[in-house]
Structure formats: C-alpha cells, structure tokens
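**Q** Before I ask anything, let me first share the structure, which is written out below as structure tokens.
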Amino acid sequence: MHQLTLAEIARGLADKKFSSEELTKVLLARIAQLDPQLNSFISLTEDLALQQAKAADARRANGESGALLGAPIAHKDLFCTQGIRTSCGSKMLDNFKAPYDATVVAKLAAAGAVTLGKTNMDEFAMGSANESSYYGPVKNPWNLEYVPGGSSGGSAAAVAARLLPAATGTDTGGSIRQPAALTNLTGLKPTYGRVSRWGMIAYASSLDQGGPLARTAEDCAILLQGMAGFDPQDSTSIDEPVPDYSAGLNGSLQGLRIGVPKEYFSAGLDPRIADLVMASVEELKKLGAVVKEISLPNMQHAIPAYYVIAPAEASSNLSRFDGVRFGYRCEDPKNLEDLYKRSRGEGFGPEVQRRIMVGAYALSAGYYDAYYLKAQKIRRLIKNDFMAAFNEVDIILGPTTPNPAWKLGAKNSDPVAEYLEDVYTITANLAGLPGLSMPAGFVDGLPVGVQLLAPYFQEGRLLNVAHQYQQNTDWHTRTPTGF
Ligand code: GLN
Numbered sequence: 001m002h003q004l005t006l007a008e009i010a011r012g013l014a015d016k017k018f019s020s021e022e023l024t025k026v027l028l029a030r031i032a033q034l035d036p037q038l039n040s041f042i043s044l045t046e047d048l049a050l051q052q053a054k055a056a057d058a059r060r061a062n063g064e065s066g067a068l069l070g071a072p073i074a075h076k077d078l079f080c081t082q083g084i085r086t087s088c089g090s091k092m093l094d095n096f097k098a099p100y101d102a103t104v105v106a107k108l109a110a111a112g113a114v115t116l117g118k119t120n121m122d123e124f125a126m127g128s129a130n131e132s133s134y135y136g137p138v139k140n141p142w143n144l145e146y147v148p149g150g151s152s153g154g155s156a157a158a159v160a161a162r163l164l165p166a167a168t169g170t171d172t173g174g175s176i177r178q179p180a181a182l183t184n185l186t187g188l189k190p191t192y193g194r195v196s197r198w199g200m201i202a203y204a205s206s207l208d209q210g211g212p213l214a215r216t217a218e219d220c221a222i223l224l225q226g227m228a229g230f231d232p233q234d235s236t237s238i239d240e241p242v243p244d245y246s247a248g249l250n251g252s253l254q255g256l257r258i259g260v261p262k263e264y265f266s267a268g269l270d271p272r273i274a275d276l277v278m279a280s281v282e283e284l285k286k287l288g289a290v291v292k293e294i295s296l297p298n299m300q301h302a303i304p305a306y307y308v309i310a311p312a313e314a315s316s317n318l319s320r321f322d323g324v325r326f327g328y329r330c331e332d333p334k335n336l337e338d339l340y341k342r343s344r345g346e347g348f349g350p351e352v353q354r355r356i357m358v359g360a361y362a363l364s365a366g367y368y369d370a371y372y373l374k375a376q377k378i379r380r381l382i383k384n385d386f387m388a389a390f391n392e393v394d395i396i397l398g399p400t401t402p403n404p405a406w407k408l409g410a411k412n413s414d415p416v417a418e419y420l421e422d423v424y425t426i427t428a429n430l431a432g433l434p435g436l437s438m439p440a441g442f443v444d445g446l447p448v449g450v451q452l453l454a455p456y457f458q459e460g461r462l463l464n465v466a467h468q469y470q471q472n473t474d475w476h477t478r479t480p481t482g483f
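Under the UniProt record's numbering, the first residue of the sequence shown is numbered 1, with each subsequent residue one higher.
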C-alpha cells in the first residue's frame with residue numbers, strides 16, 4: 001500500500017479497495033519502523049491523522065469525492081499547525097505551538113487531506129543539506145551516508161522512502177527542487193504569489209513560496225490544486241484563477257519550444273549530469289519538442305545577489321524572535337539586553353546567526369546602496385533575461401543541481417560550497433518564476449534531477465511537460481533499496 005501514488009490512492013479510496021483509516025495506519029506503522037534511520041519527521045500527529053482519516057471516510061460514505069479526500073500527507077515544519085509544535089527546525093521554536101493553521105494547512109485539511117506529521121528541515125529553511133536542523137540531519141534514503149538536500153529535506157526523504165505519497169515544502173532559493181532532485185522526486189516551486197504564505201514562517205519574504213513534493217508530476221498537480229489560490233490574508237497573494245492542473249497533464253508537446261541556456265554548461269557542472277540533461281532533451285524531442293540554445297547572461301550574478309537579499313530579509317524577519325514574544329528564552333537574564341543576546345545566541349544555530357549578521361550588515365547605513373540596492377538591481381537584470389528568453393521559448397530546461405547528493409558533513413566547513421549547489425535554482429526565486437524538478441537518471445547510484453522553468457503562472461505547462469516525460473521514462477518509478 002505504501003507504494004501507491006496520490007492518484008492511485010484516490011482511485012483506491014473511490015473504489016472502496018481500502019479506507020483512509022486503513023491506509024493511514026499502514027503508513028504510521030511504516031514511519032515508526034523506518035524513520036529512525038532517516039530522521040525525516042520532527043513531530044508525528046497520529047491522533048490527528050486517525051481523526052482526519054475517519055472523517056474523510058465518513059465524507060466519502062456520504063457521497064463526497066475529491067482527489068485529496070483521505071490522502072495522507074505531511075507538512076514541512078514551518079507551516080503553522082494549530083495546537084501542534086511548529087519548530088522551523090530551530091531550538092528557538094522548539095516549544096512553539098502555533099495558535100492557528102497556515103492557509104495551506106487549512107486548505108488541504110478542508111480538501112480532506114490527512115496530516116501524518118511535521119517534517120524535518122534546515123533551521124529556518126537556511127541550507128541545502130538539511131544538516132542545520134536543531135533536530136539533527138536527515139539521511140538520504142538512496143544512501144544513508146548522504147544528504148537528502150534541503151531545506152525541505154525531511155519532506156523529500158519521507159516521500160522518497162515511501163513513508164507517505166506526498167508532502168508540502170517551501171522554496172526560497174531551491175528548497176523544493178534541490179531536495180527533489182537529490183532524492184528522485186518531482187517537486188514544484190510555484191510562481192511567487194500563487195500559494196499563500198500566510199502562516200508560513202518567513203525566511204526571505206520576497207522569495208519564499210510553498211509547493212508540493214511527490215513522486216510524479218500527476219501527484220504534484222493534485223497537491224498543488226489543494227494549495228494554490230488567492231488569499232486576502234497574504235498581501236502578496238495574486239488573485240489569478242487556478243486552472244485544473246490534472247486536466248492539463250495530457251496536452252501534446254508537439255512544437256513545444258525548449259530553451260537550453262548555454263551558461264548552464266559551465267565548469268561547475270558534473271559532466272555526467274550534463275549528459276543526463278541532454279538525454280532528457282532528446283526524450284522530449286521524440287515527443288515533438290523543438291530545442292533552441294538561449295542565453296541568460298546575468299546568471300553568474302545570481303548567487304551573490306541572493307546571498308545579500310535573502311539574509312537581509314531574514315535579518316529583519318527573524319528580529320521578532322527576541323525571547324519576549326515567541327519561543328526560547330534564556331535562563332535568568334540579568335537585564336533586557338542580556339535577555340535579547342542570550343535568547344538569540346542560544347536559540348539560533350550557527351548558520352542562522354551567520355545570515356542574520358550578513359543581512360544586518362548589508363542593510364546598515366552606508367552599506368545599503370553598495371550591497372542591498374545593487375543586489376536588487378541585479379535581480380531586475382535576471383528577470384529581464386528571463387523575459388527575453390520567454391519571447392523565444394516556452395520552457396527553459398537544464399540541470400537542477402550541479403552535483404548529485406554529497407556525503408553528510410562533506411561541506412560543513414565551507415558554507416559557500418553549499419551555497420553554490422543552488423546555482424540553477426536561485427534565479428527562479430529572484431525572478432518569481434515557477435520551476436519544477438523531475439527525476440532524469442542516476443550518477444553513482446544517486447538520483448539526478450532536470451529542472452524546467454516557465455513563464456509566470458504556467459505551472460500547468462511544467463506539470464504537462466513533466467507528466468508526458470514520465471509517461472515515456474521510468475526514472476521516477478525507481479525505489480531506493482531497503483524502502
Ligand atoms: N539553500 C538556499 C539557502 O540556504 C535555499 C534555501 C531555501 O530555498 N529555503 O538559502
């Protein structure tokens with residue numbers, strides 16, 4: 001039963017082959033048995049899950065239907081869940097029970113999804129390896145000595161290990177697409193504004209976006225359908241109709257114009273990944289696509305610009321964690337300043353502290369123009385590059401990451417080496433564009449992802465292309481040994 005996709009679960013529930021309660025019990029038992037190896041969950045919500053599963057079964061018995069009605073999922077632990085710990089992977093929020101549900105959580109619950117738990121993540125979503133979590137690193141089910149990617153590494157590892165069919169994640173610079181690539185999943189970062197950020201603990205507000213992680217594009221379509229839509233509570237949410245993503249999966253790719261940026265094939269890219277990227281292009285050509293070389297000339301500036309903008313926003317967003325209103329407070333503070341200093345010094349881990357310092361520096365008087373303003377200008381140039389490219393092509397295709405997963409600890413002494421892993425994903429966040437990563441082969445037994453980018457609000461196009469590719473390839477069906 002644990003091998004079923006969301007689409008298969010929906011059919012099985014509709015055909016009364018099993019109930020949501022039965023399925024939920026099977027998956028909870030599987031999590032209890034296998035998750036100690038992976039550490040993909042921070043909290044399990046067994047009671048809530050069984051209650052939601054029974055309610056979903058009752059709704060089906062009353063004639064209701066829906067692809068998510070009774071479907072087991074989990075939420076990255078930065079989506080607020082009422083009455084349930086929402087830790088953001090940090091000691092700072094280890095004791096924080098959210099007083100309300102995030103819009104994404106509420107929407108999925110209303111659609112009948114069953115929440116099995118909250119998944120592990122890099123602290124405050126800062127990282128690409130899931131090693132910065134206060135709750136310990138997550139292991140990659142493809143090789144337990146390797147990282148699963150981050151920051152949505154818990155969601156990715158759990159879904160890849162068939163502990164559940166799908167989970168939510170968030171992506172500020174690649175945190176859905178990069179762990180999807182490193183664990184052989186399909187993951188989608190929607191257009192900025194497509195999915196509500198209300199109740200999603202902020203890292204860098206102008207870049208953060210929630211989205212689905214699943215094994216297939218078909219399942220990403222189902223989960224995104226439940227997440228997307230206008231939310232008056234989020235001032236950056238966009239009031240744009242949500243198409244029927246599942247209905248759009250079978251469009252023909254005849255004449256689809258794929259752009260492959262020449263800048264993607266630079267020295268940093270593992271040549272074996274370059275070969276798999278080109279093999280995926282050949283596959284799509286067989287389905288009728290035409291390929292064109294394009295250029296994204298400002299791509300080289302993306303990582304430096306991101307590592308000014310994201311820490312700047314983070315330093316501001318994280319100032320609310322002061323030991324007074326939320327979360328951790330140090331023991332026996334001597335005075336107010338000591339309370340602030342020690343609560344933040346003890347509550348935040350080293351990567352979060354590094355970014356707060358970088359961000360506060362970049363925003364300070366005298367440096368603002370040189371760093372923050374400059375980075376914002378680069379951001380516009382990157383967006384302009386994409387706008388020009390999308391005049392010529394329908395989607396942009398390339399690697400999701402320059403390398404496959406690396407060994408736990410391998411990049412710990414060199415944060416910049418980890419930052420460079422996001423070279424292909426970060427531009428979509430800077431421009432606000434939707435991006436998807438899909439399984440496209442293996443290097444040394446480790447999964448490799450191919451990334452597709454599309455114009456604003458063309459999530460449906462990404463899902464359509466990935467679904468057609470998955471109808472003709474079987475990379476996404478491969479299962480890690482032992483799971
Ligand atoms: N790895 C990037 C960072 O550390 C992106 C993380 C994310 O998308 N949340 O900031």
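All residues carry an ideal CB built from backbone N, CA and C; glycine is no exception.
With hydrogens ignored, establish whether the beta-carbon of Ala-125 is closer than 6 Å to any heavy atom of the ligand GLN.
**A** Walking along the sequence shown from the start, residue 125 turns up at place 125. Ala-125 Cβ: within cutoff of the ligand GLN.
**Q** Can you tell which of Gly-432, Glu-145, Ala-102 and Ala-360 has the C-alpha that lies nearest to the C-alpha of Leu-453?
**A** Sequence index remark: in the sequence shown, residue 453 carries index 453 (1-based). If we check each option's Cα against that of Leu-453, Gly-432 comes out closest.
**Q** Which of the three DSSP states is assigned to Gln-37 in this structure?
**A** Counting from one through the sequence shown, the residue named residue 37 turns up at place 37. Gln-37: helix per DSSP, three-state reduction.
**Q** Alpha carbon to alpha carbon, how far is Val-281 from Lys-292? Give it in angstroms, no decimals.
**A** Your numbering for residue 292 matches position 292 in the sequence shown. Your numbering for residue 281 matches position 281 in the sequence shown. Going by the C-alpha atoms only, they are around 10 Å apart.
**Q** Going along the chain, which unbroken runs of the alpha helix (DSSP H) with 4 or more residues stay wholly within the stretch 148 to 233?
**A** Whole alpha helix (DSSP H) segments, 4+ residues: 153 to 160, 177 to 183 and 217 to 227.
**Q** So, using beta-carbon positions, are Val-159 and Leu-223 closer together than 7 Å?
**A** For the purposes of this step, residue 159 is taken as residue 159 along the sequence shown, with counting starting at 1. For the purposes of this step, residue 223 is taken as residue 223 along the sequence shown, with counting starting at 1. In this structure, Leu-223 does not lie closer than 7 Å to Val-159 by Cβ.
**Q** Mind checking Ser-65: buried by the 16 CB within 10 Å criterion, or exposed?
**A** Here the question's residue 65 lines up with position 65 in the sequence shown. Flag for Ser-65 reads exposed.
**Q** Excluding the 5 residues flanking Ser-295 on each side, which residues of the same chain have their C-beta closer than 7 Å to its C-beta?
**A** For the purposes of this step, residue 295 is taken as residue 295 along the sequence shown, with counting starting at 1. Once the five neighbours on either side are set aside, the close Cβ partners of Ser-295 are Pro-261, Lys-262 and Glu-263.
**Q** Evaluate Arg-197 with the Cβ neighbour count: other Cβ atoms within 10 Å of its Cβ, from every protein chain shown; 16 or more gives buried, anything less gives exposed.
**A** One-based indexing of the sequence shown puts residue 197 at position 197. Buried, since its Cβ has 16 or more Cβ neighbours within 10 Å.
**Q** Let me check you understand the geometry: is the CB of Ser-206 closer than 6 Å to at least one non-hydrogen atom of the ligand NAD?
**A** This structure does not include the ligand NAD; its bound ligands are the ligand GLN.
**Q** Can you confirm whether the stretch 442 to 450 touches the stretch 400 to 413 when touching is taken to mean that 3 or more C-beta pairs between the two stretches lie within less than 8 Å?
**A** A contact exists between the stretch 400 to 413 and the stretch 442 to 450.
**Q** Quick check on Ser-437: does DSSP put it in helix, strand or coil?
**A** By 1-based counting over the sequence shown, the position of residue 437 is 437. Ser-437 falls in the strand class under three-state DSSP.
**Q** Can you check which of these residues, Gly-169, Glu-145 and Pro-141, is closest to Ala-157 by C-alpha distance?
**A** Here the question's residue 157 lines up with position 157 in the sequence shown. Minimum Cα distance to Ala-157 is reached at Pro-141.
**Q** Return the residue from the list Leu-462, Asp-15 and Leu-28 that minimises the CA-CA distance to Gly-251.
**A** In the sequence shown, the residue the question calls residue 251 occupies position 251. It is Leu-462 whose Cα lies nearest to the Cα of Gly-251.
**Q** Would you mind listing the beta strand (DSSP E) stretches within the stretch 374 to 405 that are 3+ residues and don't spill past its ends, in chain order?
**A** Those beta strand (DSSP E) runs which fall completely within the stretch 374 to 405 and span 3+ residues are 395 to 399.
**Q** Tell me which residue opens and which closes the beta strand (DSSP E) that Leu-452 is part of.
**A** Here residue 452 is taken as the residue at index 452 of the sequence shown, counted from 1. Residues 446 to 453.
**Q** Verify the contact flag: Asp-171, CB atom, against every heavy atom of the ligand GLN, threshold strictly below 6 Å.
**A** Residue mapping note: residue 171 aligns to position 171 of the sequence shown, counting from 1. Yes, since a heavy atom of the ligand GLN falls inside the 6 Å radius drawn around the Cβ of Asp-171.
**Q** Check whether the stretch 427 to 443 and the stretch 356 to 373 are in contact - that is, three or more C-beta pairs closer than 8 Å.
**A** Counting Cβ pairs under 8 Å, fewer than three are found: no touch.
**Q** Does any residue of chain C bring its CB to less than 7 Å from the CB of Leu-144?
**A** The chain labelled as chain C is not found in the depicted structure, where only one protein chain is given.
**Q** Return yes when at least one heavy atom of the ligand GLN lies under 6 Å from the C-beta of Ser-175, else no.
**A** In the sequence shown, counting from the first residue as 1, residue 175 sits at position 175. Yes, the Cβ of Ser-175 comes within 6 Å of a heavy atom of the ligand GLN.
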